[in-house]
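Report on the following structure.
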Amino acid sequence: MSAPTTVADGVVVAIHYTLKNDAGETLDSSSGGDALEYLHGAGNIVPGLETALAGKKLGEKFHVVVAPEDGYGARDERGIQRVPKNSFPPGLDLQPGMAFFADGPDGEPVQVWVSAVEGERVVIDLNHPLAGVTLYFDVEIHALRAASAEELAHGHPHGPDGHGGHGHHGHEHHH
Ligand code: ZN
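Here numbering that gives the first Met the number 0 is used: the first residue of the sequence shown is 0, the next is one more, and so on.
Okay, structure coming up:
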């Protein structure tokens with residue numbers, strides 16, 4: 000089977016990217032590190048970026064602007080809550096930006112972010128830190144390969160060692 004040359008469903012895509020906000024500040028970048036690998040068509044990345052990547056060729060470089068609704072969603076101020084510090088495990092060094100999983104209304108794990116620590120109260124936010132933010136991506140298609148049957152079944156790429164993608168993204172609960 001020849002290697003894919005175009006981004007399409009079922010292809011593991013490695014991209015180098017730089018993400019900036021409205022103000023031109025760099026929020027995230029793969030430069031100087033490993034390319035980001037994702038499985039195309041599996042919702043591993045924000046929808047606006049995945050849509051823009053479809054049909055792109057190996058080596059292609061492009062710029063894409065992703066509106067919040069195609070990115071991390073609009074901000075919902077009802078997502079901000081204050082909870083007592085003692086509802087977190089003792090000894091935890093709570094810092095703004097830390098993410099936790101909490102039980103959602105239907106028992107599903109939902110991710111929450113610490114946005115501030117105010118004495119004995121912790122301000123948590125159910126909004127992704129990039130909710131409401133327009134995303135400006137510069138992207139380069141670094142590598143393409145066909146996904147393995149196992150990767151397709153899991154809905155995400157595995158690392159070069161076969162299972163390197165497991166653990167640090169906390170997706171064991173899918174298995
Ligand atoms: Zn897996």
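Beta carbons are placed, not taken as given, at the ideal position from N, Cα and C, and that holds for glycine.
Nearest by alpha-carbon distance to residue i: which of the options is it?
{"i": "H153", "options": "N126, A34, H39, H15", "result": "H39"}
{"i": "R77", "options": "G58, T133, H127", "result": "H127"}
{"i": "G47", "options": "T25, K19, V63", "result": "V63"}
{"i": "R81", "options": "S1, S114, S147", "result": "S114"}
{"i": "L143", "options": "K55, K19, S28, T50", "result": "K55"}
{"i": "F87", "options": "S29, H155, V116", "result": "V116"}
{"i": "Q110", "options": "Y37, H155, L125, V45", "result": "L125"}
{"i": "L18", "options": "A146, D137, E107", "result": "D137"}
{"i": "A148", "options": "T5, P3, V10", "result": "V10"}
{"i": "V6", "options": "A146, G131, I79, H157", "result": "A146"}
Taking 7 Å as the line, does the beta carbon of residue i fall inside it for any heavy atom of ligand 1?
{"i": "H62", "result": "no"}
{"i": "H39", "result": "no"}
{"i": "H15", "result": "no"}
{"i": "H127", "result": "no"}
{"i": "H153", "result": "yes"}
{"i": "A141", "result": "With the sequence shown as reference, residue 141 is identified as His, and Ala is not the correct amino acid for it. Not under cutoff, so the answer is no."}
Under 7 Å: does the beta carbon of residue i sit that close to some heavy atom of ligand 2?
{"i": "D27", "result": "What this structure holds is ligand 1, not ligand 2."}
Every unbroken beta strand (DSSP E) within the segment 0-51, with a cutoff of 3 residues, ordered by chain: 10-19, 25-28, 35-38
Inter-stretch contact (C-beta, 8 Å, three-pair minimum) for the segment 95-106 and the segment 67-77: By the criterion of at least three beta-carbon pairs nearer than 8 Å, the segment 95-106 is not in contact with the segment 67-77.
At 4 residues or longer, what runs of the alpha helix (DSSP H) sit wholly inside the segment 128-156? 148-153
Write down every uninterrupted run of the beta strand (DSSP E) in the segment 88-118 whose length is 3 residues or greater and which is fully enclosed by it, in chain order. The qualifying runs are 98-102, 108-117.
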